[in-house]
Amino acid sequence: MQGQTCLSVTDTGIGMEQKDLDQMFERFYRADPSRSKNTGGMGIGLAITKAIVEAHGGQISAHSALGIGTTVTMSFPNDMASNL
């Protein structure tokens with residue numbers, strides 16, 4: 001077994017509902033479009049990140065709890081992680 005290298009990023013923001021987690025890696029998805037004036041962005045960053053991670057044989061996932069925050073985890077096969 002080759003094993004994996006994982007990287008997780010956690011915030012302490014407002015968290016996300018499951019319906020938003022299910023779509024968060026889609027291009028141009030905004031969980032709350034009314035906040036876009038204050039936060040900026042186009043909603044493509046996570047879609048691009050997912051494409052890059054998967055192109056390198058990795059996986060990306062997210063877990064969240066409302067009022068607590070969100071964790072995004074990327075994992076790569078060890079044979080790939082040594083090239084990063």
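Residues in the sequence shown are numbered from 1 upward in steps of one, following UniProt numbering. Positions of the beta carbon are idealized from the N, C-alpha and C atoms, including for glycine. The structure presented is a predicted model; accordingly, all values stated were derived computationally and were not measured.
In its chain, beyond the 5 residues on either side, THR71, THR73 have a beta carbon closer than 6 Å to the beta carbon of SER8.
Close CB contacts of ILE44 within its chain, under the 7 Å cut and outside five residues either way in sequence, are with ARG27, PHE28 (chain order). Secondary-structure assignment with DSSP links MET74 through a beta bridge to LEU7, ILE60. In the structure shown, the three-state DSSP call for ALA31 is coil.
Distances from the CA of ASP20 to each of THR49, SER64, ILE52, GLY13 were compared; the closest alpha carbon is that of SER64.
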